[in-house]
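These notes concern the structure reproduced below.
Numbering (my numbering), first residue to last: 28 to 202.
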């Protein structure tokens with residue numbers, strides 16, 4: 028193996044972020060497409076559960092620290108559940124499983140929750156709001172986080188999250 032190939036292989040092994048900086052835009056777009064499709068599955072499951080005001084959006088955030096600067100794309104969704112939190116999660120579980128998502132169980136905090144995976148994507152569903160300073164907010168709401176396994180994509184120096192602002196948008200349900 029040539030010296031250049033060995034250096035290239037070692038660089039790939041030690042950087043940890045994927046892919047090379049020159050392909051950062053294409054990789055983030057690919058991941059955005061994958062997570063947006065997952066968000067559309069979530070919106071479909073929320074609709075099947077009869078949840079009101081469901082919406083989803085994608086965002087780009089910094090990751091990797093100063094030594095390996097990177098950006099990650101993630102998506103999220105939310106809806107108003109009402110009083111039957113358990114029923115909403117059960118219906119969403121059935122719908123997501125019918126779409127090929129594997130139910131991994133609960134996330135493990137005090138709220139009703141569920142985790143689903145497919146390939147390199149994880150969907151975390153939490154219902155029942157959040158407790159801040161001893162007060163509960165959004166008791167009738169559901170929040171969903173959608174992430175990619177190796178989320179951090181290495182970017183060249185001088186690239187900012189604002190360079191990818193076009194990826195941050197509302198995710199619409201399938202037509």
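By construction, the Cβ of each residue, glycine as well, lies at the ideal position given by its N, Cα and C atoms.
Keep in mind it's a predicted model, so treat the numbers as computed, not measured.
Cutoff 7 Å; reference residue i; Cβ partners in own chain excluding five residues on either side
i	result
residue 232	Nothing about residue 232 can be reported from this structure: the residues present for the chain run from 28 to 202 only.
residue 132	142
residue 67	198, 200 and 201
Cβ separation of residue i and residue j, assumed to be a contact under 8 Å, to the nearest whole Å
i	j	result
residue 98	residue 55	6 Å
residue 203	residue 104	Lying outside 28 to 202, the shown extent of the chain, residue 203 is not represented and no answer is given.
residue 172	residue 165	Not quite, the Cβ-Cβ distance comes to about 15 Å (not below 8 Å), so this is no contact.
residue 108	residue 154	6 Å
Segment limits, alpha helix (DSSP H) that includes residue i
i	result
residue 61	51 to 75
Any non-hydrogen atom of the ligand FAD within 6 Å of residue i CB
i	result
residue 179	This structure simply doesn't include the ligand FAD, nor any ligand for that matter.
6 Å CB neighbourhood of residue i in its chain, flanking five on each side removed
i	result
residue 179	44, 90, 91, 97 and 99
residue 106	73, 78, 80, 81 and 169
residue 51	180 and 182
CB contact check: residue i to chain D, cutoff 7 Å
i	result
residue 167	The structure shown has no chain D; it contains just one protein chain.
Host beta strand (DSSP E) of residue i (start-end)
i	result
residue 168	168 to 175
Per DSSP, cross-strand counterpart(s) of residue i
i	result
residue 181	97
Cut-off 8 Å between Cβ atoms - residues of its own chain near residue i, not counting five sequence neighbours on either side
i	result
residue 6	Past the boundaries of the shown model lies residue 6; the chain is included only from 28 to 202, so the question cannot be answered.
Problem set entry | Every unbroken alpha helix (DSSP H) within the region 115 to 139, with a cutoff of 4 residues, ordered by chain | Counting only runs of 4 or more, we get nothing.
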